[in-house]
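Chemist:
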Amino acid sequence: MKTNLIKINPDNFRDDELLAAAQTVKDGGLVVFPTETVYGIGADATSAECARKIYAAKGRPSDNPLIIHISSPADAEPYAVTTPLYYRLARHFMPGPLTVIMPKRDTVPDAVTGGLDSVAVRCPAHPIANALIRLSGVPIAAPSANISGRPSATCAAHAMHDFDGRVEFVIDGGESRFGMESTIVKITGEDSLILLRPGAVTYDALCCVCGDVSVSDTVTRMLKADERPLCPGMKYRHYAPEKPLALADGSAEDVLAFFRRKKAEGNCILICYDEQADALADAPGDCTVLRIGRSDDLETQGHRIFAALRQCDELNGDAVFANLPPLEGYGLALYNRLIRAAAHTVIRL
Ligand code: TXA
Ligand code: MG
Numbered sequence: 021m022k023t024n025l026i027k028i029n030p031d032n033f034r035d036d037e038l039l040a041a042a043q044t045v046k047d048g049g050l051v052v053f054p055t056e057t058v059y060g061i062g063a064d065a066t067s068a069e070c071a072r073k074i075y076a077a078k079g080r081p082s083d084n085p086l087i088i089h090i091s092s093p094a095d096a097e098p099y100a101v102t103t104p105l106y107y108r109l110a111r112h113f114m115p116g117p118l119t120v121i122m123p124k125r126d127t128v129p130d131a132v133t134g135g136l137d138s139v140a141v142r143c144p145a146h147p148i149a150n151a152l153i154r155l156s157g158v159p160i161a162a163p164s165a166n167i168s169g170r171p172s173a174t175c176a177a178h179a180m181h182d183f184d185g186r187v188e189f190v191i192d193g194g195e196s197r198f199g200m201e202s203t204i205v206k207i208t209g210e211d212s213l214i215l216l217r218p219g220a221v222t223y224d225a226l227c228c229v230c231g232d233v234s235v236s237d238t239v240t241r242m243l244k245a246d247e248r249p250l251c252p253g254m255k256y257r258h259y260a261p262e263k264p265l266a267l268a269d270g271s272a273e274d275v276l277a278f279f280r281r282k283k284a285e286g287n288c289i290l291i292c293y294d295e296q297a298d299a300l301a302d303a304p305g306d307c308t309v310l311r312i313g314r315s316d317d318l319e320t321q322g323h324r325i326f327a328a329l330r331q332c333d334e335l336n337g338d339a340v341f342a343n344l345p346p347l348e349g350y351g352l353a354l355y356n357r358l359i360r361a362a363a364h365t366v367i368r369l
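Each residue of the sequence shown is one higher than the one before, counting from 21 in the numbering used here.
Structure below.
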């Protein structure tokens, strides 16, 4: 299959630039599109056949359900059993980087939800994503646009790397603003929810809208082989470069000393805060240092982390080391992704 790569300016485009891609969705094809979190590989969410195409293209286990993307919060009605809490969340965070899991209606094929009786709904803020959904006239089922297990794609080039020749369209709308996937919550009661995957909508932000927010313990730990997780995608080593990754946990001084030792030993890649990279510049030894932002700038780190993980595979060096992120605020989302990318390999200093 020939993949059409089209470039669209997210700040200034006309609907007709998206018509061919929207028609492809209507016709049951696959379209990679930008969102504010990461790129998605999308198809008609009302079709079981389309869901199977997505699983095949990603090499994803079909028990791992897909998020359905809508262009306005009320469009969830035909597909999910909504509650007032859903609309409260929608008022605060939609369109935006939040996915809400609710009981599903029969209009959503079992193939989309991996056989679960619930469905995940998200209304993206990215103007291209939003327009594509509206013009397609159907909700779009879309997992992140990466081969299963690999770091999510945060720009069109990464999506092309994984899907050139396997999808009809890749829409290049520039770099994803957040660079990490949406926050996922499951509604569990009138005023209660459980956080299943942290993202740019933080735990604290959710607490401002909902009285009872709990955090699934799978956010910070690896699942056992036979465990049935609430969020199936949290099961596997994930977001990972091909090289082994280990996370350094300790005081700022201890982690810097550790990175100095690794540089002296050579043959490795260090994913560093900017301050660490500056401090390592004159240290003896030889290794590649990737900067992901200042230690207190978690947004920039989130924006760059998947690109850094992908870069590792193209660079010299047999092992990759990074900081273990803090558990607070937006740090929880970075922690959740990196701990999986590292298959829970943490070096306690
Ligand atoms: O930011 C995002 O959410 C991106 C963009 C493209 O929207 N999408 C994304 O999709 O990250 P994906 O498929 O890579 O991750 C969705 C996660 C998976 O871990 C899946 O197991 C979980 O959501 N999920 C989907 N439906 C679910 C359901 N009904 N119950 C529990 N977990 C569900
Ligand atoms: Mg994914």
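Here a beta-carbon is modelled for each residue, glycine too, at the ideal position from N, C-alpha and C.
Tell me, please, which residues DSSP counts as bridged to residue 234.
Modeler: Locating residue 234 in the sequence shown gives position 214, where the first residue counts as 1. In DSSP, residue 234 forms a bridge with 214.
Chemist: Give the single residue among 117, 123 and 102 whose Cα lies nearest to the Cα of residue 145.
Modeler: Numbered from its first residue, the sequence shown carries residue 145 at position 125. It is 117 whose Cα lies nearest to the Cα of residue 145.
Chemist: Which of the three DSSP states is assigned to residue 120 in this structure?
Modeler: For the purposes of this step, residue 120 is identified with residue 100 of the sequence shown, where counting begins at 1. Three-state DSSP puts residue 120 in a strand.
Chemist: Between residue 68 and the rest of its own chain, which residues show a CB-CB distance below 6 Å, the 5 nearest in sequence each way excluded?
Modeler: For the purposes of this step, residue 68 is taken as the residue at position 48 of the sequence shown. Once the five neighbours on either side are set aside, the close Cβ partners of residue 68 are 129 and 131.
Chemist: Near residue 31, what residues of its chain come up, given a Cβ to Cβ distance below 8 Å and the 5 sequence neighbours on each side ignored?
Modeler: As a first step, residue 31 must be located in the sequence shown, where it is residue number 11. Cβ neighbours of residue 31 beyond the five flanking positions: 147.
Chemist: Taking C-beta to C-beta, are residue 315 and residue 294 nearer than 9 Å?
Modeler: Stepping through the sequence shown from its first residue, residue 315 is reached at position 295. Stepping through the sequence shown from its first residue, residue 294 is reached at position 274. Yes. Within cutoff.
Chemist: Provide the residue(s) that pair with residue 24 in DSSP beta bridges, ordered along the chain.
Modeler: Taking the sequence shown and counting its residues from 1, the one referred to as residue 24 is at position 4. In DSSP, residue 24 forms a bridge with 189.
Chemist: Helix, strand or coil for residue 33, going by three-state DSSP, please let me know.
Modeler: Here residue 33 is taken as the residue at index 13 of the sequence shown, counted from 1. The answer is coil: DSSP assigns residue 33 none of H, G, I, E or B.
Chemist: How far does the beta strand (DSSP E) with residue 289 in it extend, from its first residue to its last?
Modeler: For the purposes of this step, residue 289 is taken as residue 269 along the sequence shown, with counting starting at 1. 288-292 is the span of the beta strand (DSSP E), which, as asked, contains residue 289.
Chemist: Per DSSP, what kind of secondary structure is residue 364 in: helix, strand or coil?
Modeler: As a first step, residue 364 must be located in the sequence shown, where it is residue number 344. Of the three classes helix, strand and coil, the one that applies to residue 364 here is coil, per DSSP.
Chemist: Roughly how many angstroms lie between the CA atoms of residue 51 and residue 175, to the nearest whole one?
Modeler: Looking up residue 51 in the sequence shown gives position 31. Looking up residue 175 in the sequence shown gives position 155. Residue 51 and residue 175: Cα-Cα distance of roughly 14 Å.
Chemist: Answer yes if the region 324-344 comes into contact with the region 221-239, meaning at least three C-beta pairs across the two stretches below 8 Å, and no otherwise.
Modeler: The region 221-239, when compared against the region 324-344, does not touch it at the 8 Å Cβ threshold.
Chemist: Using DSSP bridges, identify the partner residues of residue 53.
Modeler: Counting from one through the sequence shown, the residue named residue 53 turns up at place 33. Answer is 60, bridged to residue 53.
Chemist: Kindly identify the DSSP beta-bridge partner or partners of residue 113.
Modeler: As a working note, residue 113 is residue 93 in the sequence shown. Note: residue 113 sits in no beta bridge, so no partner.
Chemist: Between which two residues does the alpha helix (DSSP H) containing residue 156 stretch?
Modeler: For the purposes of this step, residue 156 is identified with residue 136 of the sequence shown, where counting begins at 1. Residues 147-156.
Chemist: On the DSSP bridge list, what partners appear for residue 161?
Modeler: Walking along the sequence shown from the start, residue 161 turns up at place 141. Paired residue(s): 63 and 88.
Chemist: Using the three-state DSSP reduction, which class does residue 265 fall into: helix, strand or coil?
Modeler: Position 245 of the sequence shown, counting from 1, holds the residue named residue 265. Of the three classes helix, strand and coil, the one that applies to residue 265 here is strand, per DSSP.
Chemist: If the criterion is Cβ atoms closer than 9 Å, does the pair residue 276 and residue 300 meet it?
Modeler: For the purposes of this step, residue 276 is taken as the residue at position 256 of the sequence shown. For the purposes of this step, residue 300 is taken as the residue at position 280 of the sequence shown. A contact, by the Cβ cut-off of 9 Å.
Chemist: I need the DSSP call for residue 167, collapsed to helix, strand or coil.
Modeler: As a position in the sequence shown, residue 167 is number 147, starting the count at 1. Coil, per DSSP.
Chemist: Distance, Cα to Cα, residue 139 vs residue 84?
Modeler: As a first step, residue 139 is located in the sequence shown; it is residue number 119 there, counting from the start. As a first step, residue 84 is located in the sequence shown; it is residue number 64 there, counting from the start. So the two alpha carbons sit approximately 12 Å from each other.
Chemist: Ordered along the chain, which non-local residues of its own chain (more than five positions away) have a Cβ less than 7 Å from that of residue 274?
Modeler: Your numbering for residue 274 matches position 254 in the sequence shown. Result list for residue 274: 369, in chain order.
Chemist: Over what stretch of residues does the alpha helix (DSSP H) that includes residue 72 continue unbroken?
Modeler: Residue numbering aside, residue 72 sits at position 52 when the sequence shown is read from its first letter. Its alpha helix (DSSP H) spans residues 68-78.
Chemist: In whole angstroms, what is the alpha-carbon distance linking residue 101 and residue 126?
Modeler: Counting from 1 along the sequence shown, the entry for residue 101 is found at position 81. Counting from 1 along the sequence shown, the entry for residue 126 is found at position 106. The alpha-carbon atoms of residue 101 and residue 126 are separated by roughly 11 Å.
Chemist: Which two residues bound the contiguous beta strand (DSSP E) that contains residue 142?
Modeler: To locate residue 142, count along the sequence shown from 1; it is residue 122. Run containing residue 142: 138-142, per the beta strand (DSSP E) assignment.
Chemist: Could you tell me which uninterrupted beta strand (DSSP E) segments, each at least 3 residues in length, are contained entirely in the region 317-350, listed from first to last along the chain?
Modeler: Complete beta strand (DSSP E) runs here, min 3: 339-343.
Chemist: Would you mind sorting residue 307 into buried or exposed? The rule is 16 or more other CB atoms within 10 Å of its CB.
Modeler: Taking the sequence shown and counting its residues from 1, one reaches residue 307 at position 287. So residue 307 counts as buried.
Chemist: Do you know offhand how far residue 229's Cα is from residue 122's?
Modeler: Taking the sequence shown and counting its residues from 1, the one referred to as residue 229 is at position 209. Taking the sequence shown and counting its residues from 1, the one referred to as residue 122 is at position 102. One C-alpha to the other measures close to 17 Å.
Chemist: Over what stretch of residues does the beta strand (DSSP E) that includes residue 205 continue unbroken?
Modeler: Stepping through the sequence shown from its first residue, residue 205 is reached at position 185. From DSSP, the beta strand (DSSP E) with residue 205 extends over 203-209.
Chemist: Closer than 8 Å by C-beta to residue 216: which residues in its own chain qualify, once you throw out the five before and the five after it? Chain order, please.
Modeler: For the purposes of this step, residue 216 is taken as residue 196 along the sequence shown, with counting starting at 1. For residue 216, where only same-chain residues beyond five positions count, the Cβ hits under 8 Å are 121, 204, 205, 206, 236, 238, 239, 250, 251 and 254.
Chemist: If the criterion is Cβ atoms closer than 9 Å, does the pair residue 372 and residue 163 meet it?
Modeler: This structure gives no information on residue 372, because the portion of the chain shown stretches from 21 to 369.
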